[in-house]
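*Asks:* Protein chains in written order, with this note's numbering: chain A, 185 to 488; chain B, 5 to 386; chain C, 6 to 240.
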Amino acid sequence: MLAAAFTDFMQQVVSGLASGGIYALLALALVIIHRSTGVINFAQGEMATLSAYIAWALIAHHSWGYWPAFAATLVISFVGGIGIHTAVIRPVERGSVLRIVIVTIGLLVAINGFVVWQWSGEPQQLQSPFGTDVYDVGGVVVAAHDIGTITVALGIVLLLGALFRFTKVGLALRAAAVNPEEARLVGVRVSWMLGLGWGLAALLGAVAGMLTAPTVGLDPNMMAAVLIYAFAAAILGGIDSPIGAVVGGLLIGVLLNMLSFLSQYGMFDWFTEELRLPMALLIILAVLLVRPHGILGRPEVKRV
Amino acid sequence: MTPREQRIFGFAVFAAFAVIVLVLPQFISDFRARDYAYVGIYLIALLGLNILTGYTGQISLGHGAFMAIGGYTTAILMAGNEQFGGPIPSGMQDIWTLPIAGLVAGLFGLAFGLPALRLSGLYLALATFAIAVAMPSTVKRFEEHTGGGQGIQLFGLPELTGSNAVAPADPNAPATFEVLGLTFTQNDWMYYLAWSIALAAFAGAWLILRGRTGRAFRAVRDSETAAVSSGVSLARYKTLAFGISAAYAGVAGGLFAIASAFVNPDTFPIALSIFLLVGIVVGGLGGLSGLVVGAIFVAFLPLWAQGQDLGSVLPDSVIQGDTVSIPILGDFLFKGTSAPGGPAIVYGIVLILLMFVLPNGVGGLFRRVGQAITNRRYSRSK
Amino acid sequence: MKTLLELDGVAARYGPVQALTDVSLVVREGEVVAVLGANGAGKTTTLRAISGTVSRTGAIDLDGKSLKGGPEAIAKAGVAHVPEGRGTFVDLTVTENLKLGAYTRRDRSVKADLERIAEYFPWMTERGGQRAGTLSGGEQQMLALGRALMSRPRLLLLDEPSLGLAPMVVREFFRIVRQLNEDEGLTVLVVEQDARIALRASQRAYVLEVGHVALTGTSSELEGDESIRRSYLGY
């Protein structure tokens, strides 16, 4: 009984980490955009969905191999992200919060519409690059896709961390995010950097989308819930902390699975799968109320 | 204009508007009357949201959820939830459920207003967005009260006014029924019900906003620090704004349920919350008259978007026959906008363009024009 | 000495407010020039016009070539602007701040420059990993100066470096500026509210009054003339 419970527990942890990895990627995308442009991108989920569809279209309609399609999707998403910033975000960047919110919402609606319009609302199947193999590790069933997801997510996070930490462009990205006026004075082209931030965010979203689709099915609304989990992750980690976003993503993934696990064993028996999203909402609210800067963010000093 | 002249002018506009509302059904088809009933319903919700976002500066992307609370309150009071295993019996006439729908939603609003106190700007938008997204699954979770994903059917219930309508001799004419000695078709009834409440709600909003409370709300929006230092209690007014605003949404939600004769979790999708916020932005934050335009926008833009043809927008070189050529990606089948998804593309793009060209909404445009006229008058009289 | 910077009939406005009406001034290579004046005289705006952070009319030439474009382009042309209120990236470390100073440079001698800066400010090497936001006000001002030097500027613009700093720190700051000027021939245009210290550190000075140059002279002349000191410089 206890051994079975432990196996179940580990099972939930592993799959929690896999979905958490995806939340982490999308949360990281949100954080990058929020840090650089001060915008919460409500269209982040739909951008990821669009990317996943592009990969799928290349594979299914144009018989590309998986990895070439993967790479092409990353490039298209990156360029697309920069394009969205230039065409849609920049004109309102200095506007009111409300204007920016509505613009990203408009983007959400338009991209979602485009996906349905182009590829119909029918669910499609995007293959997993890691195959459908399943391993048995001491009774815990581990899917190759889950391991792949965790690996790719962590790999991307590390690469991005290195980019920010060790390269000149990374330094300029951070400088433009924290203090755009100053950054211009030292010669950083801030508007390019902000565009670059959007490009990177779109790229992260693309990876998240392509990793989500194989498990939940490629569907125009597949990222709607993931976006809320990513919001929760970003808020939990601290909306301006990239490391926080990653930690937050993994935590949310595991935490929600823990609730499922505990409800199976009679604790929190009010918890059902339908409450996953409301729980994410509660986490968002709780963190914003108790510790608005998240677990790893720095408190913002309100200037009066 | 002096404030006195302004007030008289305002009354005149309001009266003229009420007359237009009263006679409009004479000039439109019975079918259209229902569309305009929805305009009235949206107007109620927008009036409420405007108190919150326009006057107090708190963004809500979750007002559809408050409408859902109102809608479900109305539906449950009418149909009862004993059929799903809940405790509430059926039997309340539809219009009497509306005050309760407003009250229940208002209480939820107050309750949410408390934590929302500590959130501002984007964070509040995000939290309220999460509410709207989480609402359907919450409804499904409490199936024994809400009927879960199946929803609650109101059509044909005796509690629904007009369900006893009798078909007239002419088979093409709509069925009619009598209320207080007046004969209505179902659509006209819905129209007049929605608009009487909307006009009352309008007057109510005006009364709330013109006085002390309205000043406090505006003070909170313009500078929290200044508001506090002049003795305005932030907690009290922000929470109050949330409560009032949610109550308005609740009444609108109740009417929505009556008008649709059905509620389920998809009756109040996230898109509804988005439309509402868009409606007040289009209507011009902080003004009441622009909201009518906002409500029309909310009700009709999706319909209008349905009628647009994307094909006429794209250049010919891209479209050959019915395929679209995109470099690298190759050819795609081109579909008109009437295809699923098309209207959403148009809608989204219109939203974005609106934010580019009319940052203060149509109401802002009204105010600008109004100001220009006033200024001219002023300089002439000098 | 050759003219490095020349402003001719520069005007600038913030919306409806005319901040500069007609400013003409010259900075020669290797000079330290002070711009003095009361609050609102247009001192800061003059610097902002030079670095391109406010749009202006009139001619601004650096080394005979017209200064055009946004702040990024002007920074690249060799103008380093240390704005009022420190101007450090508080979330970045000391070393990162310094590296950003060299952002416009394409050569490989950035490391050598870091060492050169360390000679003036030894603490910056020891505390290179510290977040700039945790430094004291004086240290942040020094860091901003160090960062500006990292770009190997042809012209250094300093805006109110003394603001909010203790007198001892201000003296130290200007000592380093002078030393840089003497040792390396650094050209400096400094805006100061504190006329006394600015006149001591500079060779020439301009006094601005409501958007135009009211008078100019060598620093020692201005300092020596009591009526000017009383009516324009307030000490």
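For every residue, glycine included, the Cβ atom is placed at its ideal position computed from N, Cα and C.
State the Cα-Cα distance for the pair A/Ala244 and B/Glu147, rounded to the nearest angstrom.
*Replies:* Answer to the nearest angstrom: the Cα atoms are 40 Å apart.
*Asks:* Between the C-alpha atoms of A/Ile268 and B/Ile80, what's the straight-line distance to the nearest angstrom?
*Replies:* In a straight line, the C-alpha of A/Ile268 is about 45 Å away from that of B/Ile80.
*Asks:* Can you name the start and end residues of the beta strand (DSSP E) that A/Tyr319 belongs to?
*Replies:* A/Tyr319 -> beta strand (DSSP E) spans 318-321.
*Asks:* Can you tell me whether DSSP reads B/Ala177 as helix, strand or coil?
*Replies:* It is coil, neither helix nor strand.
*Asks:* Look up C/Lys104 in the DSSP assignment and give the residues it is bridged to.
*Replies:* The partner list for C/Lys104 (beta bridge, DSSP) is empty, contrary to what the question assumes.
*Asks:* Using three-state DSSP, classify B/Ile332 as helix, strand or coil.
*Replies:* Residue confidence for B/Ile332 is low, a pLDDT of 47 falling below 50, so the modelled location carries little weight; the figure read from the coordinates is stated next. Three-state DSSP puts B/Ile332 in coil, outside helix and strand.
*Asks:* Find the residues of chain B that neighbour A/Val300, judging by a C-beta separation of less than 8 Å, and give them in chain order.
*Replies:* In chain order: Pro344, Gly345, Ala348.
*Asks:* A/Val215 versus chain C: which residues are under 9 Å apart at the beta carbon?
*Replies:* Neighbours of A/Val215 on chain C: none; closest Cβ ~14 Å, over 9 Å.
*Asks:* Output the residue ranges of the alpha helix (DSSP H) runs that lie fully inside the region 144-208 of chain B and measure 4 residues or longer, sorted by chain position.
*Replies:* Qualifying alpha helix (DSSP H) stretches, in chain order: 147-150.
*Asks:* Listed from N- to C-terminal order along the chain, which residues in the region 258-273 of chain A have their beta-carbon within a distance smaller than 7 Å of any beta-carbon of chain B?
*Replies:* For the region 258-273 of chain A, which is checked against every Cβ of chain B, the residues closer than 7 Å are Val272.
*Asks:* To test your reading of the DSSP string, which unbroken beta strand (DSSP E) runs of 3 or more residues are found completely within the region 122-187 of chain C?
*Replies:* Counting whole runs of 3 or more residues, the region 122-187 of chain C contains the beta strand (DSSP E) stretches 160-164.
*Asks:* Buried or exposed: C/Glu77, going by 16 or more other Cβ atoms within 10 Å of its Cβ?
*Replies:* Label assigned to C/Glu77: buried.
*Asks:* Assuming B/Thr78 contacts B/Leu102 under a Cβ cut-off of 8 Å, what Cβ separation, rounded to an integer in Å, is found between them?
*Replies:* Right, the Cβ-Cβ distance comes to about 7 Å (below 8 Å), so this counts as a contact.
*Asks:* Nearest by alpha-carbon distance to B/Thr217: which of B/Leu53, B/Leu244, B/Gly298 is it?
*Replies:* Checking every option, the nearest Cα to that of B/Thr217 belongs to B/Leu244.
*Asks:* To the nearest angstrom, how far is it from the Cα of B/Ala231 to the Cα of B/Pro119?
*Replies:* Each residue's alpha carbon lies about 19 Å from the other.
*Asks:* Count the other CB atoms within 10 Å of the CB of B/Met194; is the residue buried (16 or more) or exposed (fewer)?
*Replies:* The residue is buried, with at least 16 neighbouring Cβ atoms inside 10 Å.
*Asks:* Tell me which residues share the same chain as B/Asn268 and place their Cβ nearer than 7 Å to its Cβ, disregarding the 5 neighbours each side in the sequence.
*Replies:* Hits under 7 Å: Gly153, Gln154, Gly155.
*Asks:* Use the C-beta contact count for C/Arg209: other C-beta atoms within 10 angstroms, 16 or more gives buried, fewer gives exposed.
*Replies:* So C/Arg209 ends up on the buried side.
*Asks:* Tell whether a beta-carbon distance below 8 Å holds between A/Ala464 and B/Ala134.
*Replies:* Going by C-beta atoms, A/Ala464 is nearer than 8 Å to B/Ala134.
*Asks:* Contact criterion: CB-CB distance below 8 Å. Does B/Leu47 meet it with respect to chain A?
*Replies:* So, not an interface residue.
*Asks:* State buried or exposed for B/Thr271, treating a residue as buried only when at least 16 other CB atoms are found within 10 Å of its CB.
*Replies:* So B/Thr271 counts as buried.
*Asks:* Name the chain C residues that come within less than 8 Å of A/Glu180, Cβ to Cβ?
*Replies:* Outside the displayed span of chain A (185 to 488) sits residue 180 of chain A, for which this structure offers no information.
*Asks:* Between the region 134-160 of chain B and chain A, which residues of the former have CB atoms less than 8 Å from a CB of the latter, in chain order?
*Replies:* Answer set for the region 134-160 of chain B: Ala134, Ile135, Val137, Ala138, Ser141, Thr142, Lys144, Arg145.
*Asks:* Identify, in the order they occur along the chain, each residue of the same chain with its Cβ nearer than 6 Å to the Cβ of A/Leu209, setting aside the five sequence neighbours on each side.
*Replies:* Excluding residues within five positions, the ones whose Cβ falls inside 6 Å are Ala337, Leu388, Val391, Ala392.
*Asks:* With H, G and I counted as helix, E and B as strand and the rest as coil, what does DSSP make of B/Ser321?
*Replies:* Note that B/Ser321 scores 45 on pLDDT, short of 50, meaning its location in the model is unreliable and no value can be drawn from it.
*Asks:* How many Å lie between C/Leu150 and A/Gly422 at the Cα?
*Replies:* Taking the straight line from one Cα to the other gives about 32 Å.
*Asks:* At what residues does the beta strand (DSSP E) containing A/Val272 begin and finish?
*Replies:* Segment: none, A/Val272 is in no beta strand (DSSP E) and carries neither H nor E.
*Asks:* Please report the straight-line C-alpha distance between B/Ile323 and A/Ala256, rounded to a whole angstrom.
*Replies:* Note that B/Ile323 scores 46 on pLDDT, short of 50, meaning its location in the model is unreliable and no value can be drawn from it.
*Asks:* What does B/Pro119 reach in chain A if we use C-beta pairs closer than 7 Å?
*Replies:* Correct list: Leu469, Leu473.
*Asks:* So, helix, strand or coil for C/Val37, using DSSP?
*Replies:* Note: C/Val37 maps to strand in three-state DSSP.
*Asks:* When DSSP labels each residue in this structure, what does B/Asp39 get in the three-state scheme?
*Replies:* Helix.
*Asks:* The alpha helix (DSSP H) spanning A/Glu230 covers which residue range?
*Replies:* Where A/Glu230 is concerned, the enclosing alpha helix (DSSP H) stretches over 228-244.
*Asks:* Which residue from A/Ala418, A/Ala429, A/Val325, A/Ala189 puts its Cα closest to that of A/Leu342?
*Replies:* If we check each option's Cα against that of A/Leu342, A/Ala429 comes out closest.
*Asks:* Listing by chain order, which chain C residues have their CB less than 9 Å from the CB of A/Ala211?
*Replies:* The contacting residues do not exist; A/Ala211 stays about 19 Å from chain C at best.
*Asks:* Give the residues of chain B in contact with A/Asn296, contact being defined as C-beta atoms less than 7 Å apart.
*Replies:* The answer, in chain order, is Ala348.
*Asks:* Count the other CB atoms within 10 Å of the CB of A/Gly401; is the residue buried (16 or more) or exposed (fewer)?
*Replies:* When all chains shown are included, A/Gly401 counts as exposed.
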